[in-house]
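Under the working numbering, think of the first position of the sequence shown as 300, with each following residue one higher.
What follows is a set of notes on a single structure, which appears directly below.
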Amino acid sequence: MLAHSEGKSAWLDQGGAPAGLAKKILDRGSSVVLFDAFRTGGLASGDSAAGRKRFDLFFTAYNRTDLQERVQDCVTMCAFAQMHTKGRRIALCGTGRAGLWALLAAPAADVVAADCDSLDLSNDEALLNEDLFAPGLRKMGAFAGAAALATPHPLLLHNTGRNFATGLLRDAYAAGRAEKMFREEKTQLSDDKLAEWLAK
Numbered sequence: 300m301l302a303h304s305e306g307k308s309a310w311l312d313q314g315g316a317p318a319g320l321a322k323k324i325l326d327r328g329s330s331v332v333l334f335d336a337f338r339t340g341g342l343a344s345g346d347s348a349a350g351r352k353r354f355d356l357f358f359t360a361y362n363r364t365d366l367q368e369r370v371q372d373c374v375t376m377c378a379f380a381q382m383h384t385k386g387r388r389i390a391l392c393g394t395g396r397a398g399l400w401a402l403l404a405a406p407a408a409d410v411v412a413a414d415c416d417s418l419d420l421s422n423d424e425a426l427l428n429e430d431l432f433a434p435g436l437r438k439m440g441a442f443a444g445a446a447a448l449a450t451p452h453p454l455l456l457h458n459t460g461r462n463f464a465t466g467l468l469r470d471a472y473a474a475g476r477a478e479k480m481f482r483e484e485k486t487q488l489s490d491d492k493l494a495e496w497l498a499k
């Protein structure tokens with residue numbers, strides 16, 4: 300599964316053929332599923348965005364936020380793939396903001412590679428951004444809290460920058476005696492490096 304904040308078109312060239320990471324994974328003999336998550340790619344519409352008053356009174360009591368919808372799309376795609384792959388492992392890879400969706404959806408996949416988008420989690424300002432807001436996210440450990448539930452499955456975090464908290468994940472993988480399954484890179488990995496890691 301490849302998730303991108305711009306939708307599946309980010310993985311396709313002008314002619315609609317696989318490009319970038321999608322092509323590199325296919326060249327290694329693996330299958331790739333591309334999708335447009337909630338309000339991304341072909342599903343993006345300015346009209347629907349105007350109708351969603353995210354910070355209006357009680358909006359999040361009755362509706363999912365954009366982040367929650369996108370994470371659900373990742374979980375749904377993983378479930379779809381598990382039903383149709385006859386036991387092959389399911390890898391979820393998210394780039395840019397979609398890497399954060401992949402972290403929250405990590406328990407639904409067998410392997411996760413997530414671009415942390417150099418997100419600064421040292422204060423709540425980033426989590427109040429409308430594309431990252433979800434009630435109670437900080438209380439549950441932010442992105443690391445959900446990803447820790449995927450222990451001991453392989454997890455690669457890259458482009459963490461300086462203020463993306465990973466201590467909870469290191470502790471969870473240590474407690475599960477799976478330290479070798481967790482990898483963290485401060486810088487963004489190339490498509491070649493990602494394809495190589497996903498193929499392991």
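Where is the CB? At the ideal position from N, CA and C, for every residue including glycine.
| Check | Outcome |
| --- | --- |
| What's the gap between the Cα of Ala378 and the Cα of Ala443? | 21 Å |
| Between the segment 457-477 and the segment 382-390, do three or more beta carbon pairs fall short of 8 Å? | no |
| Which parts of the segment 394-474 are runs of the alpha helix (DSSP H), unbroken and 4 residues or longer, counting only runs that do not cross its ends? | 396-403, 441-446, 466-474 |
| Whose CA, out of Leu493, Thr465, Ala498, Gly460, lies closest to the CA of Thr486? | Gly460 |
| Can you list, in chain order, the residues of its chain whose CB lies under 7 Å from that of Gly398, leaving out five sequence neighbours each side? | Ala413, Asp414, Cys415, Asp416 |
| Judging by CA-CA distance, which residue of Asn462, Leu454, Leu431 is the nearest neighbour of Leu468? | Leu454 |
| How would you call Met300, buried or exposed, if buried means at least 16 neighbouring beta carbons within 10 angstroms? | buried |
| Contact between the segment 309-328 and the segment 362-370: three or more CB pairs below 8 Å? | no |
| Tell me which residues share the same chain as Ala441 and place their Cβ nearer than 8 Å to its Cβ, disregarding the 5 neighbours each side in the sequence. | Leu420, Leu426, Ala464 |
| With distances taken Cα to Cα, identify the nearest neighbour of Leu448 among Asp470, Gln313, Gly435. | Asp470 |
| Tell me where the beta strand (DSSP E) around Leu301 begins and ends. | 301-303 |
| Please classify Arg396 as buried or exposed, where buried requires at least 16 other C-beta atoms within 10 Å of its C-beta. | buried |
| Could you pull out every residue in the same chain whose Cβ sits closer than 6 Å to the Cβ of Ala309, ignoring the five residues on either side in sequence? | His303 |
| Can you tell me the Cα-Cα spacing of Phe334 and Asn458, whole angstroms? | 23 Å |
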